[in-house]
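So the sequence lines, in the order shown, correspond to chains A and B. Going by the numbering used here, the letters in the first sequence line up with residues 1 to 120, in that order. Going by the numbering used here, the letters in the second sequence line up with residues 1001 to 1120, in that order. Notes follow the structure.
Number of protein chains: 2
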Amino acid sequence: MKIGELAERTGVSIRSLRYYERQGLITPLRKANGYREYSALAVETVETIKLYLNLGLSTEEIAGFLNCVLMKKEAFCAEVMPLYRSKLEDIERQLLQLNQIKSNLEERIASIQQEQKESE
Amino acid sequence: MKIGELAERTGVSIRSLRYYERQGLITPLRKANGYREYSALAVETVETIKLYLNLGLSTEEIAGFLNCVLMKKEAFCAEVMPLYRSKLEDIERQLLQLNQIKSNLEERIASIQQEQKESE
DNA sequence: ATAAACCCTGACACCAGTGTCAGGGTCAAG
DNA sequence: CTTGACCCTGACACTGGTGTCAGGGTTTAT
């Protein structure tokens, strides 16, 4: 199938499909005219990529284990666990930060409201 | 005071001070030799900028009300509240997303551990 | 044979604040 | 008068996935 059809089927833009290719995530064959030719498996591959991107992994990180998980089950790709764990730590750090900012904002909002009430 | 001293006193890099100036956040005088000359108040101004940046506001947003809060109390600058509220909404959206990603990661980690246990 | 609908590559833009380098002026102490 | 510590501007890089445009080739159906 050609790139337009793959884009349609997966909901991923043509632009992104070409980007994934440049990042080494998917390597279609080429027709004599230079057009990319994707196998039927490409749909699954792209869905897998989407899934990992949604977990907050970068294309570079995904490249490190994609071949493995496409062949075996995720549980048997040694690269995956440490990545998940460190990503989880990242997330938790970000959550802490965001929650900190959130309380600061809430405090300021409350104190502004307080001052306005007092000045009435 | 010159820019190096202000940087030292506030802990903000010279590079960033010049950036804030370009964003319209602070406008030092110029000496005959072209050097920036900051008043003593500049320290407070920069501290105020830092505070708002830490609340997740952009320099552009800060520019919209900085003059006001430097003159009056924050509570009397009408621009501030709506900005705080919309920033708070942003934060809450991000928290939702991060928490979603976090649970997905945790689920996958748990399921990998489960599969590994079963295959022993 | 022509037009519409595809496909190709390469490149700039975005976000936003900071680091850093190049190339050059100024000032103060020795 | 020289040296070192400052200061100036302008510009590129980075992050990372995506949009979009330019400029050009191919295919398919009429």
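Built from N, CA and C at the ideal position, the CB exists for glycine as well.
Using three-state DSSP, classify residue i as helix, strand or coil.
| i | result |
| --- | --- |
| E37 (chain A) | strand |
| L29 (chain A) | strand |
| K1087 (chain B) | helix |
| E1079 (chain B) | coil |
| L57 (chain A) | coil |
| E107 (chain A) | helix |
| E120 (chain A) | coil |
| S125 (chain A) | In the structure as shown, chain A begins at 1 and stops at 120. Residue 125 (chain A) is therefore absent and cannot be evaluated. |
Would you mind telling me which residues of chain A sit closer than 7 Å to residue i, beta carbon to beta carbon, in chain order?
| i | result |
| --- | --- |
| N1104 (chain B) | L55 |
With respect to the alpha helix (DSSP H) encompassing residue i, which residues constitute its N-terminal and C-terminal limits?
| i | result |
| --- | --- |
| Q1023 (chain B) | Unbroken run through Q1023 (chain B): none, as it is neither H nor E. |
| M71 (chain A) | L66 to M71 |
| A1007 (chain B) | I1003 to T1010 |
In chain B, which residues lie less than 8 Å from residue i when you measure between Cβ atoms?
| i | result |
| --- | --- |
| V80 (chain A) | I1112 |
For residue i, which residues from the same chain have a beta carbon less than 8 Å from its beta carbon, with the 5 sequence-adjacent residues on both sides left out?
| i | result |
| --- | --- |
| K1002 (chain B) | Y1035, R1036, E1037 and Y1038 |
Can you pull the chain B neighbours of residue i, defined as C-beta to C-beta under 9 Å?
| i | result |
| --- | --- |
| E74 (chain A) | R1108, S1111, I1112 and E1115 |
In its own chain, which residues sit with a C-beta less than 6 Å from the C-beta of residue i, not counting the 5 before and 5 after it?
| i | result |
| --- | --- |
| K1031 (chain B) | E1037 |
| E79 (chain A) | G64 and F65 |
| P1028 (chain B) | R1036, E1037 and Y1038 |
| E1092 (chain B) | none |
| L1088 (chain B) | none |
| L1105 (chain B) | none |
| G1056 (chain B) | K1087 |
Go through its chain and collect everything with a Cβ distance to residue i's Cβ below 7 Å, but skip five positions before and after it.
| i | result |
| --- | --- |
| L25 (chain A) | I49, T59, I62, A63 and L66 |
| R1009 (chain B) | V1043 |
| Y52 (chain A) | I62 |
| Y20 (chain A) | I26, I49 and T59 |
| L1070 (chain B) | T1045 and T1048 |
Please identify, using Cβ separations under 8 Å, the residues of the stretch 1079-1100 of chain B that lie next to chain A, in order along the chain. V1080, M1081, Y1084, R1085, K1087, L1088, I1091, E1092, Q1094, L1095, L1098 and N1099
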